[in-house]
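Visitor: After the structure tokens below, expect a handful of questions from me.
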């Protein structure tokens, strides 16, 4: 119990809201880095996943990317990213962490986009084609809206994984909320450690909840009614 | 990563095979305890869910929330209470296996066709016999698929426990990061990925051996 009080005291100390190690600065660093990684990952994964789903080609690749992604531990990704970033002369901190986060973000988005488009009822697509819709038109106006629940679920998984793993960036001298955990561990300052862990945990859960809420809002009400009826 | 130093120094790798073997032992031990204990807990909770479906929501919520908490943060939250010990690591690692394992065990049992269950009841099987002789064997393929996912993700997460001083292949990565030595860094990463792939392959073979009927279908 006293530890929670210590952590509370740590949060109320005005010194922790000033300078480069301020809570709001670290939080912003964490969110910026994670957001950028998910954005880059989505720009790579979604076009590939949607296109493969539309054509139905390379199913084996699209489905197994997610499994490979799971077998790559986040710390190993960081280990691979560091020599690469260093070889490119980008140094420590931000870049190696970003390099390790993007490959982590891609697999769930790619596989979910593929499965989402693939699962669209073939009759619906035939009907669309019969009504004269072009292939890009089918993808944009039929397949994408119907695949949206799975696409968004993939983005949620990616975002939660990325936010969690961005914590490890502190190991390669990066910023973000992981700083408090790594420094707290190194300095044996348990209040800092505990407070940092609380911040990271709350941020991850907040991202999960925010995406779930957005998913419910963004999905077409027609789809929702049908899912409920099943 | 110092200038003039090659990315991988093979002589270092050749002279450290003893350490790799020791790290493999630590990595396996941490993984087996987590997946074993996780399976026992998940099995009990899954049977509870099958019997009392009302519990599915709350149990999924709790295990889902645990799953969402980043590993380093969960370890950090436990350290003040349980210290830099195996217990800290195992509480975290075990909690992460629960969501996947419970989901697959429940899905496997629910996937058994109702006619099969009724036939067993009609042949005079008690509920316990229906579970152990009909439902679980038929659910085995889905259950092992869950164990594969749990094993792969646990092997990955064990690397993080090196940060709290528990060894494993993560120790090589962590030391490599601190000493700025790419050979050790890459060795740790490659070995942990190789272990995950090997474990997954072995579990596929186990599943094929235990459920020969899935091959014919």
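Chains as they are written, first to last, in my numbering: chain A, 28 to 257; chain B, 485 to 701. Think of the CB as a built atom: it goes at the ideal place given N, C-alpha and C, for glycine as much as any other residue.
1. Could you give the uninterrupted runs of the alpha helix (DSSP H) lying entirely in the segment 515–564 of chain B, keeping only those of 4 residues or more?
2. Report the neighbours of residue 235 of chain A on chain B: residues whose CB is nearer than 9 Å to its CB, in chain order.
3. Mapping the DSSP letters down to three states, classify residue 161 of chain A as helix, strand or coil.
4. Between the alpha carbons of residue 697 of chain B and residue 625 of chain B, how many angstroms are there, rounded?
5. For the alpha helix (DSSP H) holding residue 597 of chain B, just list the boundary residues, first then last.
6. Spatial neighbours of residue 127 of chain A within its chain, please: C-beta separation below 6 Å, excluding the five flanking residues on both sides.
7. Anything in the segment 59–73 of chain A with a Cβ closer than 7 Å to a Cβ of chain B? List those residues in chain order, please.
8. Could you have a look at residue 141 of chain A and say whether DSSP puts it in helix, strand or coil?
9. Could one say the Cβ of residue 544 of chain B lies closer than 7 Å to chain A's Cβ atoms, at least one of them?
10. Measuring alpha carbon to alpha carbon, tell me which of B/581, B/655 and B/500 ends up nearest residue 522 of chain B.
11. Along chain A, which residues have their Cβ under 8 Å away from the Cβ of residue 561 of chain B?
12. Would you identify the three-state DSSP class for residue 48 of chain A, choosing helix, strand or coil?
13. Between which two residues does the alpha helix (DSSP H) holding residue 658 of chain B run?
14. Where residue 641 of chain B and residue 155 of chain A are concerned, what is the direct C-alpha to C-alpha distance, given to the nearest angstrom?
15. So is residue 107 of chain A in contact with chain B if we call contact Cβ pairs under 7 Å?
16. Find the residues of chain A that neighbour residue 490 of chain B, judging by a C-beta separation of less than 8 Å, and give them in chain order.
17. Any residues in the segment 561–577 of chain B with a beta carbon nearer than 7 Å to a beta carbon of chain A? Which ones, in chain order?
18. Can you find a C-beta in chain B that's less than 7 Å from the C-beta of residue 165 of chain A?
19. Mapping DSSP to helix, strand and coil, what is residue 610 of chain B?
20. With distances taken Cα to Cα, identify the nearest neighbour of residue 247 of chain A among A/46, A/142 and A/177.
21. Ends of the alpha helix (DSSP H) at residue 188 of chain A?
22. Pick helix, strand or coil for residue 230 of chain A, following the three-state DSSP scheme.
23. What does the alpha-carbon distance come out to for the pair residue 201 of chain A and residue 55 of chain A?
24. The alpha helix (DSSP H) spanning residue 490 of chain B covers which residue range?
25. Taking only beta carbons into account, state which residues of the segment 660–678 of chain B come closer than 7 Å to chain A, listed in chain order.
26. Exposed or buried, what is residue 600 of chain B when buried is set at 16 or more other beta-carbons lying within 10 Å of its beta-carbon?
27. Leaving out five residues on either side along the sequence, give the residues of the same chain with a beta carbon under 8 Å from the beta carbon of residue 3 of chain A.
28. Quick test of your reading: residue 196 of chain A and residue 211 of chain A, contact by CB under 8 Å. State the CB separation rounded to the nearest angstrom.
29. Quick one: Cα of residue 253 of chain A to Cα of residue 236 of chain A, how far?
30. At the level of alpha carbons, what is the spacing between residue 525 of chain B and residue 586 of chain B?
31. When you compare the segment 66–73 of chain A with the segment 123–142 of chain A, are there three or more beta-carbon pairs, one atom per stretch, that lie closer than 8 Å?
32. Is it right to say residue 499 of chain B is buried, meaning 16 or more other beta carbons lie within 10 angstroms of its own, or is it exposed?
33. Alpha carbon to alpha carbon, what distance is there between residue 540 of chain B and residue 167 of chain A?
34. What is the DSSP secondary structure of residue 499 of chain B, reduced to helix, strand or coil?
35. Given residue 144 of chain A, which residues of its chain have a CB within under 7 Å of its CB, disregarding the five upstream and five downstream residues?
Guide: Checking against the coordinates, here is how it stands:
1. Correct list: 540–552.
2. Those are 548, 549 and 552, listed as they occur along chain B.
3. Note: residue 161 of chain A maps to coil in three-state DSSP.
4. Distance between the alpha carbons of residue 697 of chain B and residue 625 of chain B: 10 Å.
5. No alpha helix (DSSP H) holds residue 597 of chain B; DSSP gives it neither H nor E.
6. The residues are 104, 105 and 108.
7. Contacts with chain B (Cβ-Cβ distance below 7 Å) from the segment 59–73 of chain A involve no residue at all.
8. Of the three classes helix, strand and coil, the one that applies to residue 141 of chain A here is helix, per DSSP.
9. No, no contact with chain A.
10. Taking the Cα of residue 522 of chain B as reference, the smallest distance to any Cα among B/581, B/655 and B/500 is reached at B/581.
11. What residue 561 of chain B touches in chain A: 221, 224, 225 and 228.
12. If DSSP states are grouped into helix, strand and coil, residue 48 of chain A belongs with coil.
13. 653–663 is the extent of the alpha helix (DSSP H) around residue 658 of chain B.
14. When the Cα atoms are used, residue 641 of chain B and residue 155 of chain A turn out to be separated by approximately 46 Å.
15. For residue 107 of chain A, the answer is yes, since a Cβ of chain B falls inside 7 Å of its Cβ.
16. For a Cβ distance threshold of 8 Å, nothing in chain A lies close to residue 490 of chain B: the least Cβ distance comes to about 11 Å.
17. Within the segment 561–577 of chain B, the residues whose Cβ lies closer than 7 Å to some Cβ of chain A are 561, 563 and 564, listed in chain order.
18. Put simply, the CB of residue 165 of chain A is far from chain B, with every gap to its CB atoms at 7 Å or more.
19. The three-state secondary structure of residue 610 of chain B, taken from DSSP, is coil.
20. Taking residue 247 of chain A as reference, the option from A/46, A/142 and A/177 with the minimal CA-CA separation is A/177.
21. DSSP places residue 188 of chain A inside the alpha helix (DSSP H), whose first and last residues are 171–193.
22. When DSSP states are grouped into helix, strand and coil, residue 230 of chain A belongs to the helix group.
23. Approximately 13 Å between the Cα atoms of the pair.
24. Careful: residue 490 of chain B lies outside any alpha helix (DSSP H) and carries neither H nor E.
25. Shown in chain order are the members of the segment 660–678 of chain B whose Cβ falls below 7 Å from a Cβ of chain A: 660, 661, 666, 669, 670, 672, 673, 676 and 677.
26. By the neighbour-count criterion, in which a residue is buried when 16 or more other Cβ atoms sit within 10 angstroms of its Cβ, residue 600 of chain B is exposed.
27. Since the first and last residues shown for chain A are 28 and 257, residue 3 of chain A lies out of range.
28. Approximately 15 Å separates the beta-carbon atoms of residue 196 of chain A and residue 211 of chain A; this is outside 8 Å, ruling out the contact.
29. Because the pLDDT at residue 253 of chain A is just 48, under 50, the model does not fix this residue reliably, and the value given afterwards should be weighed accordingly. Each residue's alpha carbon lies about 23 Å from the other.
30. Counting only the Cα atoms, residue 586 of chain B lies some 9 Å from residue 525 of chain B.
31. Using a C-beta cut-off of 8 Å, the segment 66–73 of chain A makes contact with the segment 123–142 of chain A, since at least three inter-stretch Cβ pairs fall below that distance.
32. Exposed, by the Cβ-count rule.
33. Counting only the Cα atoms, residue 540 of chain B lies some 37 Å from residue 167 of chain A.
34. Three-state result, residue 499 of chain B: coil.
35. So the list reads 77, 80, 81, 170 and 174, once near-sequence residues are dropped.
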